[in-house]
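Only one structure is covered here, and it is reproduced in the block below.
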Amino acid sequence: MSEGCVLVLNCGSSSVKLALVDPATGERRLTGLAERVGSRDAVAHVRRGDREETSTPGDTTARGALAHLMGSLTDEERDTLVGVGHRVVHGGNRFSASVVVDDATLDDLYALVDLAPLHMPANLLGIETARVALPELAQVAVFDTAFHQTMPPVAYRYAVPQEWYDEHHVRRYGFHGTSHRFVSARAAEVLGRPAAELRLVVLHLGNGCSAAAVRGGESVDTTMGLTPLEGLVMGTRSGDVDPGLLGYVAERLDLDVAGVVDALNTRSGLLGLSGLSNDMRTVCDAAVAGSAPARLAVDVFCYRAAKAVGSLAVALGGLDAVVLTGGIGEHSTEVRRGIMSHLGVLGIGEDADANADHGRHTGGRVSRPGDRVAIVVPTDEELLIARDTVQLAGEVAR
Ligand code: ADP
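Heads up: the sequence shown begins at 3 in this note's numbering, then just goes up one per residue.
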């Protein structure tokens, strides 16, 4: 029997997502999405079960679109709410766990805007709007960075001038922490072993991609850094490049640094290499149909993900399992095959049948029986946000 639902909000720069989540079962009573927010053709979709309604917000700003989505909740749905959980991209050094938002926390969050100027204003708008609309409920912030706050200095420091760190907080933070935390805990359950004993490399492969080294349930290293641009090849992001490339390209193309960074964020990755798409399905289909650039894009993507597994196995001091998640990790047989083709050195080889079946009949396992384990574990960031929210809202109420 449900003890109430959590409204989970994910306010981004051009889209707003909302879900009414039952934290006990993971069921979504309702999901809402407003797209192209901030432009004249903003549109909102609200889904309950199989029924989807599409509408146009009167006010197409992010604030208006969020109010529009929240206004679609029935009185009955509002009455089930026990708290509001917010996905917040950056918690800096300040937040190593989820937190109930009060006035002081909000000040701390505004102080972090410089670390993620594209995302934090939208996240904060979501919190401010929900506080006004649902003042009786606890508002809980769940940070993408928090799980990685356990990284040791040897993993999070860049070899740059000390004052950059002291005065400007230049260090590696890591992102996708909610997914890495959810998936690593779930992997321990699936493997039937205590999380405290396990050394896992989690590959979160979606539009954004990152890998994390999780030892004893804690993140000890990850591939994303000060910003989500570092590390693996992604849909439109380059991942690691030589920092010397910035000056070289800026001069050649007569761009400023911001222009080069924008190209690395929005025109690189799978899109840049394939010249076709940032979507792995499209790129894989083109590769199979014979496109050489698309083939190279898939190959570079897999090679770089496999290299990250190797380096994170070093960070862990050993490896018990590789865990694959995110839209690509969960659904792409070809990408998993490509990654595992490089992992023989770590004792991991593909079980072709299990991999073609996405591990559905092997408890998630896609590696050969007897090999070191590679498993598919679906992520559910909204569910973890809902669980944190219920827990913290309960503590406030006591
Ligand atoms: P986000 O990071 O925005 O949450 P997802 O985790 O849903 O995104 O991942 C999106 C990526 O997953 C896209 O590149 C998409 O092509 C890829 N993907 C989803 N299903 C498949 C599939 N069956 N085969 C290959 N790639 C897939």
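For glycine and all other residues, C-beta sits at the position ideal for the given N, C-alpha and C.
Element boundaries [alpha helix (DSSP H), containing residue i]
i           : result
residue 303 : 294-318
residue 283 : 282-290
residue 265 : 259-268
residue 179 : 179-193
residue 327 : Taken as a continuous stretch (DSSP letters only), residue 327 belongs to no alpha helix (DSSP H), being part of the beta strand (DSSP E) at 323-327.
residue 385 : 383-399
residue 124 : 122-135
residue 156 : 155-158
residue 273 : 271-276
residue 80  : 77-81
N-terminal and C-terminal residue of the beta strand (DSSP E) that residue i is part of
i           : result
residue 223 : 220-224
residue 57  : 53-57
residue 33  : 30-37
residue 376 : 375-378
residue 212 : 211-217
residue 48  : 45-50
residue 246 : Counting along the chain, residue 246 falls outside any beta strand (DSSP E), though it belongs to the alpha helix (DSSP H) covering 246-255.
residue 22  : 18-23
residue 164 : Here residue 164 belongs to no beta strand (DSSP E); instead the alpha helix (DSSP H) covers 164-170.
residue 205 : 201-207
residue 64  : Residue 64 -> not in any beta strand (DSSP E); alpha helix (DSSP H) instead, spanning 64-73.
residue 354 : Per DSSP, residue 354 belongs to no beta strand (DSSP E); it is in the alpha helix (DSSP H), 354-358.
Within 8 Å, strictly: CB atoms of residue i and residue j
i           : j           : result
residue 298 : residue 272 : no
residue 46  : residue 88  : no
residue 180 : residue 383 : yes
residue 190 : residue 318 : no
residue 64  : residue 13  : yes
residue 370 : residue 353 : yes
residue 367 : residue 349 : no
residue 213 : residue 197 : no
Distance between beta carbons of residue j and residue i, contact taken as under 8 Å
i           : j           : result
residue 278 : residue 296 : 6 Å
residue 73  : residue 66  : Contact doesn't hold; Cβ gap of about 10 Å is too wide.
residue 458 : residue 128 : Given that the chain is displayed from residue 3 to residue 400, the structure contains no residue 458 and the question cannot be resolved.
residue 15  : residue 37  : That belief does not hold up - the Cβ atoms of residue 15 and residue 37 are roughly 12 Å apart, past 8 Å.
residue 230 : residue 184 : About 18 Å; that fails the 8 Å criterion.
residue 357 : residue 280 : Not quite, the Cβ-Cβ distance comes to about 24 Å (not below 8 Å), so this is no contact.
residue 79  : residue 32  : 6 Å
Exposure label - residue i; buried when at least 16 CB within 10 Å
i           : result
residue 253 : exposed
residue 81  : exposed
residue 232 : buried
residue 355 : exposed
residue 125 : buried
residue 3   : Below a pLDDT of 50, predicted positions are generally treated as unreliable, and residue 3, at 43, falls in that range; the measurement from the model is reported next regardless. Residue 3 comes out exposed.
residue 25  : buried
Reduced DSSP secondary structure (H/G/I, E/B, other) of residue i
i           : result
residue 345 : coil
residue 5   : coil
residue 95  : coil
residue 336 : helix
residue 115 : helix
residue 88  : strand
residue 174 : coil
residue 367 : strand
residue 143 : strand
residue 11  : strand
residue 237 : coil
Below-8 Å beta-carbon distance, residue i vs any chain D residue
i          : result
residue 65 : Protein chains in the displayed structure number just one, and chain D is not present.
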